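Notes for the one structure printed next.
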Amino acid sequence: LVEQFCEGARLGENSVGACADLILVDYQPFTPVLAGNLPWHILFCFEASIVTATMVQGRMLMWDRQLLTLNERAIAEEALALAPRVWERYQQNAAVS
């Protein structure tokens with residue numbers, strides 16, 4: 672997938688100039704993870720709640736499930752304050768349709 676969206680991306684290496692996007696997960700499977708079934712584990716068993724750390728372009732954005740670059744509480748408060756206006760727009764658009 673990465674090669675389709677990031678032409679010329681250097682993958683599978685840890686060196687200067689290579690992509691440095693990764694996630695760490697707390698994954699405890701009920702069946703063995705083998706080379707032949709790894710894609711299926713990722714596709715069907717991975718979900719947001721198992722991600723413990725995130726790095727994008729070499730910068731840690733989340734560690735131990737804590738956001739390092741965003742104020743999650745402030746974002747939640749702003750979303751809560753904006754929700755009535757969003758809901759009102761939704762209802763207006765639904766009435767027109």
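Using my numbering, the letters of the sequence shown map in sequence onto residues 672 to 768. Glycine included, C-beta positions come from ideal geometry on N, C-alpha and C. Model, not experiment: these values are computed from the prediction.
DSSP places A691 in no beta strand (DSSP E); its state is neither H nor E. In this model, V757 and E743 are separated by some 20 Å (Cα to Cα). In the displayed model, L709 falls within a helix according to three-state DSSP.
In this structure A691 is in contact with Q728, their Cβ atoms being roughly 6 Å apart against a cut-off of 8 Å. Here I721 has V696, D697, Y698 as same chain residues with Cβ atoms under 8 Å from its own Cβ, once five neighbours each way along the sequence are excluded.
Between L693 and T740, the C-beta gap is not smaller than 9 Å, which leaves the two residues out of contact.
Distance between V704 and D735, taken at the CA atoms: about 23 Å.
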